[in-house]
Amino acid sequence: MYSFRTKQMSVPVITIDGPGGSGKGTIAMRLAQNLGWHYLDSGALYRIVAVVAMERAIEADNEQALGELAEHLEFSLSFTGDNVATLLDGIRITPKLRSEEAGVFASNIAVVPAVRAALVQRQREFRKLPGLVAEGRDMGTVIFPDAKLKIFLTASVEARADRRYKQLKEKGENVNLSRLFRDIEKRDIRDMSRSISPLTPAQDAQLIDSTEMSIEMVLEEIHKLLEEN
Ligand code: DC
17 MYSFRTKQMS VPVITIDGPG GSGKGTIAMR LAQNLGWHYL DSGALYRIVA VVAMERAIEA
77 DNEQALGELA EHLEFSLSFT GDNVATLLDG IRITPKLRSE EAGVFASNIA VVPAVRAALV
137 QRQREFRKLP GLVAEGRDMG TVIFPDAKLK IFLTASVEAR ADRRYKQLKE KGENVNLSRL
197 FRDIEKRDIR DMSRSISPLT PAQDAQLIDS TEMSIEMVLE EIHKLLEEN
């Protein structure tokens, strides 16, 4: 029988993993737009759980409460043009999600096994025709191991801190560059050293270092790799 799972597995996926500030968000979104495919910002799922947990004063070590939240919380992510809207109870919460505070707490709760387990299936549901571009930390290693193309995008800590600084400044957030640098380093260590689904390239991933590259150059490189695959 042709099951739903078999049908889903035939939908092509491109994964873009890497640390924060590597440019994977912008690049994945642009790639999805170019191809007319769906887009998954997996970090947004962790950020949603983090923001709600903070509002409800759930601590990062309360595995049971966090796991239940990740499993049952109703939210929607939609992608139109170059915009991702996150709705929680019908209310747009996108700006809150993008704060540095939400990112740091998201990284803290991302080490909780029950949270990761609850989000596996929720992420796979984004796999729909004609295709999906998924970005995060474990897209190529854990969530979509059969992806047709896997990219691991990196950049130096200095370049990433600089990019984040500009992004946050544009949004009117009050930021300090050296603190941002330290936070990024700390977050990298936590994301790379956790025991489940750490941030690491899949064995069959193509590595791209974007330190000296523009978004256009990275996109061109990915399109080239797509043609070769
Ligand atoms: O990509 P981001 O900055 O929005 O992600 C926020 C945090 O969520 C990140 O520091 C770790 C966690 N995360 C994860 O553990 N796995 C993913 N696939 C995506 C994000």
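In our numbering, the protein residues as written are 17 to 245. Backbone N, C-alpha and C fix where the C-beta goes; we use that ideal spot for every residue, glycine too.
In terms of side-chain proximity, the C-beta atom of D178 is found no nearer than 7 Å to any non-hydrogen atom of ligand 1. With distances taken between CA atoms, L93 lies nearest to S58 out of S58, A130, R195 and L82. If you check the C-beta of M155 against ligand 1, you find a heavy atom less than 7 Å away.
Taking 8 Å as the cut-off, the Cβ atoms of A48 and H54 count as close.
G39 is not bridged by DSSP to any residue. Excluding sequence positions up to five before and after E79, its CB lies within less than 6 Å of the CB of V128 and A130, all in the same chain and listed in chain order. In this structure, A60 has its CB closer than 7 Å to one or more heavy atoms of ligand 1. Relative to ligand 1, even the nearest heavy atom lies 7 Å or more away from the CB of A133.
Take the alpha-carbon of V173 and the one of N192: they are about 15 Å apart.
Spatial neighbours of A44 in its own chain (CB-CB distance under 7 Å, excluding positions within 5 residues in sequence) are listed in chain order as I32, Y55, V149 and E151. Closest by C-alpha distance to L89, out of F95, V67 and A76, is V67. Each residue's CA atom was taken as its position, placing I30 and S209 some 24 Å apart. Proximity of the beta carbon of D207 to ligand 1 is indicated: a heavy atom of the ligand is located closer than 7 Å. For E244 and K187, the gap between their C-alpha atoms comes out near 38 Å. The bridge partners DSSP lists for S94 are A101. The DSSP-derived three-state label of L89 is coil. At the C-beta level, R203 and S123 come within 8 Å of one another.
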